[in-house]
């Protein structure tokens, strides 16, 4: 694994850990339960190693509106932790030209 790839994975681990700390253990249990129904056994591992798979499963379970709410929370975590938000755009496949207002209008 390249140094930059391991740095990106570490940043994703930090984002995930801060997200769970913010949302609480109950949310983590709900997330784990629903993800396990999609054959995802380790949510954190999929979040870090297969972000698009995580996104697809999350949207399938909770819906697109919930995904964009989660994405906003993740962006706030990035800002507070000094992590570039573009990491989310690149790894979770958010089109940079897509405006969030346009996305929310389609929901």
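In this note's numbering, the protein residues as written are 1074 to 1180. Don't be surprised by glycine CBs; every beta carbon is placed ideally from N, CA and C.
Once DSSP output is grouped into helix, strand and coil, what is the label at residue i?
| i | result |
| --- | --- |
| residue 1180 | For residue 1180, the predicted model reports a pLDDT of 41, less than 50, meaning its position is unreliable; a value from the coordinates is still stated below. Coil. |
| residue 1094 | helix |
| residue 1088 | helix |
Just to confirm the assignment, what range does the alpha helix (DSSP H) spanning residue i have?
| i | result |
| --- | --- |
| residue 1149 | 1137-1154 |
| residue 1102 | 1098-1109 |
| residue 1167 | Where residue 1167 is concerned, there is no enclosing alpha helix (DSSP H), given that its DSSP letter is neither H nor E. |
| residue 1117 | 1116-1122 |
Tell me the rounded alpha-carbon separation between residue i and residue j.
| i | j | result |
| --- | --- | --- |
| residue 1155 | residue 1088 | 11 Å |
| residue 1124 | residue 1111 | 15 Å |
| residue 1107 | residue 1134 | 7 Å |
| residue 1078 | residue 1114 | 23 Å |
| residue 1086 | residue 1160 | 12 Å |
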